[in-house]
Amino acid sequence: MPADAHIDGSYWMHGTPSPERPALADDLTADVVVIGGGIAGLCTAHELVRAGRQVVLLEADRIAAGVSGHTTGKLTALHGLTYARLRDAHGALAATRYAMAQQEALDHVVGLCADLGIDADLERAPAFTYVTDEERAGEVRAEAAAALEAGLDATYVTDTDLPFPVAGAVRLDGQLLFHPRRFLLGLAEDLVARGGIVHEHTRVTSLRERAECALTTESGASVRARDVVIATNFPLSVHSSLLARLSVRRELVLAAPIATASAPRGMYLTPEDRTRSVRTAPYDEGHRLLIVTGEAHEPGTGHPGEHLERLTGWARQAFPGFGATGPVFRWAAQDVRSVDHLPYVGHEHPDTQHVFVATGFGGWGMSNGVMAGRLLAAQVTGAPRPDWTELFDPRRQLPLREFPDVVRAQASVARHFLAGRRPRCTHMGCELGFNELEDTWECPCHGSRFAAADGRVLQGPATRPLEEAGPVQDGAGGVSGAADPRS
């Protein structure tokens, strides 16, 4: 691993301080409790407060500082190679409704920024899904046709403003780049101004649904409410029928200033090379910040240092001079995917009436988080529901073609359960892998993460810290990966 390889935090977190909001100290009652202070949780809470509900939002760490604070900040209805797959698996109407939900989310963000006076660096830009392999050009051509059929003004092109040739690309104009943390902090400020309550450093450890929902927190304080929304990336409490349909991936992000004259204006994604995503953001006079994402992998597996080295090499080759001047920011992002590539937003399982989830965004949490907020608010309040409500229902039946993916995912989970290595995740006992870049233990089954130094929970669904903590020491006194398949 290179000597300078490290993870130093998201660029979005720099220069965007937020007021500390107190941890929950006393028992509370509310109409609705929202668990999770990322984009899905904050959007849901904000919509509910605007609808007149008494809302308490509980965040285990700091709001807008978890997954949503480590995103790439792209707001687009073009989600890789989504529309051809949706049309083939679920029908043309499903693809149309998905496109409608995403585009309405973009419009809603623009409206919120205007209404609330939020300066989120909104910029219109084209979005591209591209390939460099000529043999894959047919895939993006088919995607362009499917996206157009779904109602998006998508086109197939072979020219982009990337500094290297592409074999083909889908182009969708009028999409949005934004500063996700500024947007979310502005939303939180308005949420509180309208009477919503936000408690940070408040980890929920149990949830019970009876005549009313009862939540217990790590400190022992409790909250009772009629309805609960779980918006914690991977749900902290999830029915087994949903658990089997979710998987987790982690990606690395690099960002460095480049000359404005050489900065690509669009946002780009390719499924090649464990994914590569590119966008820019305002930086200073004469420069834009180039943000590169990729190297998708299961948390707690492989060697993150090697992933970082590959991504850095790709960025320097594709964009000569990347990182040569100015700071280089390095961070990581984590996403939850569903087996049928559609989010789960709604009632958690068939037997629940008052517990809702928002998960499975598959790397597209910015638009889908906004979508989830509007959909869940409608479901909780009984307002008219969008046409795309059933498309995202967690209780939906899977197409037969998706069952092999469920089997493969669960086989991978089973391997981690059966392995005899320690330590194990406090969520469900899966073996953990050591991440030397971030000095963390990570669960490949459901994505929980723990600080190696003291075992505290950094990311759920786990709620209890590790009893066994610390990095893995190799024979020479260095750090090595606990789940190294070559050992």
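The sequence shown begins at 78 in the numbering used here and counts up by one.
Where is the CB? At the ideal position from N, CA and C, for every residue including glycine.
According to DSSP, residues forming a beta bridge with residue i
i: residue 106; result: 301
i: residue 112; result: 135, 307
i: residue 210; result: Looking at the DSSP assignment, residue 210 forms no beta bridge with any residue, so it has no partner.
i: residue 357; result: 367
i: residue 410; result: 328
i: residue 290; result: 286, 302
i: residue 251; result: Note: residue 251 sits in no beta bridge, so no partner.
i: residue 344; result: 204
i: residue 323; result: 415
i: residue 84; result: In the DSSP output, where bridge partners are listed per residue, residue 84 has none listed.
i: residue 195; result: Its beta-bridge partners do not exist; DSSP assigns none.
i: residue 518; result: 511, 527
i: residue 119; result: Bridge partners of residue 119: none, in fact.
i: residue 536; result: 526
i: residue 228; result: BP columns for residue 228 are empty, so no partner.
i: residue 501; result: 508
Rounded Cβ spacing between residue i and residue j (contact assumed at less than 8 Å)
i: residue 254; j: residue 203; result: That belief does not hold up - the Cβ atoms of residue 254 and residue 203 are roughly 11 Å apart, past 8 Å.
i: residue 117; j: residue 537; result: Not really, about 14 Å apart at Cβ, beyond 8 Å.
i: residue 277; j: residue 139; result: 5 Å
i: residue 125; j: residue 454; result: 5 Å
i: residue 577; j: residue 396; result: Beyond the ends of the chain as shown, which are 78 and 564, falls residue 577; an answer cannot be given.
i: residue 112; j: residue 306; result: 7 Å
i: residue 261; j: residue 145; result: 6 Å
i: residue 244; j: residue 288; result: In fact, because the Cβ distance is near 59 Å, the residues do not count as touching under 8 Å.
i: residue 419; j: residue 385; result: Incorrect: roughly 31 Å between the Cβ atoms, too far for contact.
i: residue 349; j: residue 208; result: 6 Å
Exposure label - residue i; buried when at least 16 CB within 10 Å
i: residue 115; result: buried
i: residue 122; result: buried
i: residue 427; result: exposed
i: residue 227; result: buried
i: residue 238; result: exposed
i: residue 433; result: buried
i: residue 513; result: buried
i: residue 80; result: Reliability fails at residue 80, whose pLDDT of 45 lies under 50, so the model's placement of it is uncertain and no value is given.
i: residue 259; result: buried
i: residue 402; result: exposed
i: residue 201; result: exposed
i: residue 304; result: buried
i: residue 141; result: buried
i: residue 197; result: buried
i: residue 503; result: buried
i: residue 91; result: exposed
i: residue 265; result: buried
i: residue 521; result: buried
i: residue 96; result: exposed
i: residue 425; result: buried
i: residue 257; result: buried
i: residue 309; result: buried
i: residue 137; result: buried
Residues near residue i by beta carbon distance below 7 Å, same chain, minus five either side
i: residue 86; result: 408
i: residue 199; result: 187, 190, 253, 255
i: residue 247; result: 155, 205, 206, 217, 220, 221, 224, 231, 233
i: residue 326; result: 373, 374, 375, 412, 414
i: residue 501; result: 507, 508, 509
i: residue 440; result: 412
i: residue 269; result: 275
i: residue 94; result: none
i: residue 335; result: 364, 365, 367, 396, 398, 399
i: residue 429; result: 286
i: residue 535; result: 517, 526, 527, 528
Cβ of residue i within 8 Å of any chain D Cβ
i: residue 298; result: In the displayed structure, chain D is absent; only one protein chain is listed.
Cβ shell of residue i (< 6 Å), same chain only, five flanking positions each side left out
i: residue 352; result: 371, 373
i: residue 311; result: 413, 523, 524, 538
i: residue 449; result: 117, 422, 435
i: residue 399; result: 333, 392, 393
i: residue 543; result: 500, 527, 532
i: residue 438; result: 420, 445
i: residue 279; result: 100, 101, 135, 294
Chain-order list of residues whose beta-carbon lies under 8 Å from that of residue i (same chain, five-residue window excluded)
i: residue 561; result: At residue 561 the pLDDT is 32, less than 50, meaning the model places this residue with poor confidence; the figure from the coordinates comes in the next sentence. Excluding positions up to five away in sequence, the list reads 380.
i: residue 229; result: 154, 155, 160, 176, 180, 249
i: residue 300; result: 101, 104, 105, 106, 107, 110, 133, 135, 291, 292, 294
i: residue 313; result: 112, 281, 284, 307, 537, 538, 540
i: residue 361; result: 334
i: residue 553; result: Interpretation of residue 553 is limited by its pLDDT of 33, a score under 50 that renders its predicted location unreliable; the figure taken from the coordinates is listed afterwards. Correct list: empty, nothing qualifies.
i: residue 120; result: 264, 446, 447, 449, 450, 451
Per the contact definition of three or more C-beta pairs closer than 8 Å, is the stretch 364–382 in contact with the stretch 392–410? Segment contact: the stretch 392–410 against the stretch 364–382, three or more CB-CB distances shorter than 8 Å; contact assigned.
Could you tell me whether the stretch 451–468 touches the stretch 359–375, using the rule of 3 or more Cβ pairs below 8 Å? no
Take every Cβ of the stretch 322–331, pair it with every Cβ of the stretch 290–297, and state whether three or more of those distances are shorter than 8 Å. no
Tell me, please, whether the stretch 183–191 touches the stretch 277–291 by the rule of three or more beta-carbon pairs shorter than 8 Å. no
Contact between the stretch 354–361 and the stretch 144–159: three or more CB pairs below 8 Å? yes
Within 8 Å, do at least three Cβ pairs link the stretch 336–348 to the stretch 379–393? no
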